[in-house]
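> Before I ask anything, let me first share the structure, which is written out below as structure tokens.
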Amino acid sequence: MTLKNTILLVLLVQYSWTAIIITPPYEGTLVYENGQDLVGYLPCIMHPTADSGKIFWSRANGGTIYSGAGGSLVGEKYSVDANAATTGNYSLVIKNLNRNDSDTYRCQYSADETLIGVILVADPPGQPTIFAPSQITEDTPSTFSCESTGGYPNPTFTWSIGNQLYPETSYTAPSVDGGLAVSTLDVTLTHADNRKEVKCDVTNELQRTFTATHTLDVQYKPKVTVKLDGGISVVLQQSSFEVVCSVDANPQELKSITWKKNSLVLEGESSLTLSQPGGIVLDTVYECEVENSIDRANGVLSVSVHYAPKVSIDKGAVMAVNKAPT
């Protein structure tokens, strides 16, 4: 992979009351990308009355690299406008940018005024990779890691699951510049997180983001719902009906299905649909218990039996009513 370099320039200016350096205070960052922008530029504008013999460019780790009197002191690496003495434009041009150009640069007029430019040659982080646990189970802590190589300065990581951000648990910086950086995330997931994407974003001072994603396979015990088939809510006396056991589970494979009627096991029933013939006359509680490789769970339904009114007459007592005389 070809890594691209970028220069970040942060300029701070110090003025005296007889300001000769008239470059305004610099707020922001100039970005140069190697392979597209091969030249760096550090602004430094002088007042036309400036004495060129008092103007110098230097770098903290390289000494003086340009003087107004003698020009560039380091070959063709650095240069300023040939008409600087007339225009006052002593901005420094740096050719063939590379990481060795990272330094603090000073445009100085005599000993009174200094314009400071800080250059950072940066490499973008490499494409990250997410490493997930071999098995993720609901309500159990899981650890994810995200790795990226090649970033300089050291990259930063951002974790998210679905639309929710999560703070990283730990960060291991590269042992060498541009080496392997590792971020970890400890998180406890639920069945609602199944099939969501965990995402790891990595970036550094270049403000370019690289992303890795992993689709979650959260395993969880069955979630059981028991209901009457056909959307009915009650059962009429003497009518047949079906009780349906709806199961949401991961893994979906069920190890067992057990039906109970009023707490008594119904032997031989191993389907998720229970057929009941007509004849039920009392309210009844049905229970469906299922199990997968994670755990077992159950659902319960109380069936209410409705029937028409019954009228009876007690013939044990007869009252005679005398007819009134005419």
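Read in order, the letters of the sequence shown are residues -18 to -1, 1 to 308 in mature numbering (1 follows the signal peptide of the UniProt record, and there is no 0).
Every residue, glycine too, gets a C-beta built ideally from N, C-alpha and C.
1) Could you check the C-alpha separation between Asn65 and Asp33 for me, to the nearest Å?
2) Anyone know if the C-beta pair for Lys36 and Gly50 falls short of 8 angstroms?
3) Measure the C-alpha to C-alpha separation of Tyr134 and Thr151 and round it to an integer number of angstroms.
4) Within 10 Å of its beta-carbon, does Thr5 have 16 or more other beta-carbons around it, so buried, or fewer, so exposed?
5) Between Glu224 and Leu246, what straight-line distance do the alpha-carbon atoms span, to the nearest angstrom?
6) Considering only their Cβ atoms, is the gap separating Cys26 from Tyr60 smaller than 8 angstroms?
7) Let me check understanding here. Comparing Cα to Cα, which of Pro259, Val200, His288, Glu249 lies closest to Asp121?
8) For Asn145 and Val180, what's the separation of their Cα atoms in angstroms?
9) Less than 8 angstroms between the C-beta atoms of Val75 and Val21, yes or no?
10) Tell me whether Ser130 sits in a helix, a strand or coil according to DSSP, three-state version.
11) For Gly212, count the other beta carbons within 10 Å of its own beta carbon; 16 or more makes it buried, fewer makes it exposed. Which is it?
12) My output table needs one value for Ser252: the three-state DSSP class, helix, strand or coil.
13) Of the choices Glu235, Cys227, Trp39, Ser275, whose alpha-carbon is the least far from that of Ser253?
14) Can you list, in chain order, the residues of its chain whose CB lies under 6 angstroms from that of Leu236, leaving out five sequence neighbours each side?
15) Skipping 5 residues on each side, what residues in its chain have a beta carbon closer than 6 angstroms to that of Ser286?
16) Could you compute how far the alpha carbon of Leu55 sits from the alpha carbon of Ala114?
17) Determine, using beta-carbon pairs with one atom in the segment 152 to 161 and one in the segment 96 to 103, whether at least three such pairs fall under 8 angstroms.
Checking against the coordinates, here is how it stands:
1) Counting from one through the sequence shown, the residue named residue 65 turns up at place 83. Counting from one through the sequence shown, the residue named residue 33 turns up at place 51. Computed Cα separation, rounded: 14 angstroms.
2) The sequence position of residue 36 within the sequence shown is 54, counting from 1. The sequence position of residue 50 within the sequence shown is 68, counting from 1. For Lys36 and Gly50, yes; Cβs fall inside 8 angstroms.
3) For the purposes of this step, residue 134 is taken as the residue at position 152 of the sequence shown. For the purposes of this step, residue 151 is taken as the residue at position 169 of the sequence shown. Taking the straight line joining both Cα atoms gives about 22 angstroms.
4) Numbered from 1 along the sequence shown, position 23 holds the residue referred to as residue 5. By the neighbour-count rule (16 or more Cβ atoms within 10 Å), Thr5 is buried.
5) As a first step, residue 224 must be located in the sequence shown, where it is residue number 242. As a first step, residue 246 must be located in the sequence shown, where it is residue number 264. About 18 angstroms.
6) In the sequence shown, residue 60 corresponds to position 78, counting from 1. In the sequence shown, residue 26 corresponds to position 44, counting from 1. Their beta carbons are not under 8 angstroms apart, which means Tyr60 does not touch Cys26 by this criterion.
7) Taking the sequence shown and counting its residues from 1, one reaches residue 121 at position 139. The option with the nearest alpha carbon to Asp121 is Val200.
8) Within the sequence shown, numbered from 1, the residue matching residue 145 stands at position 163. Within the sequence shown, numbered from 1, the residue matching residue 180 stands at position 198. Straight-line Cα distance between these residues: approximately 9 angstroms.
9) Your numbering for residue 75 matches position 93 in the sequence shown. Your numbering for residue 21 matches position 39 in the sequence shown. Going by C-beta atoms, Val75 is nearer than 8 angstroms to Val21.
10) For the purposes of this step, residue 130 is taken as residue 148 along the sequence shown, with counting starting at 1. Strand at Ser130.
11) Within the sequence shown, the letter at position 230 stands for residue 212. By the neighbour-count rule (16 or more Cβ atoms within 10 Å), Gly212 is not buried but exposed.
12) Position 270 of the sequence shown holds residue 252. Residue state, collapsed to three classes: coil.
13) In the sequence shown, the residue the question calls residue 253 occupies position 271. Closest by alpha carbon: Cys227.
14) As a working mapping, residue 236 is identified with position 254 in the sequence shown. Here the set comprises Val272, Asn274.
15) If you number the sequence shown from 1, residue 286 lands on position 304. Here the set comprises Val216, Asp265.
16) Within the sequence shown, residue 55 is the residue found at index 73, counting from 1. Within the sequence shown, residue 114 is the residue found at index 132, counting from 1. Rounded to whole angstroms, Leu55 to Ala114 spans 55 angstroms at the Cα level.
17) no
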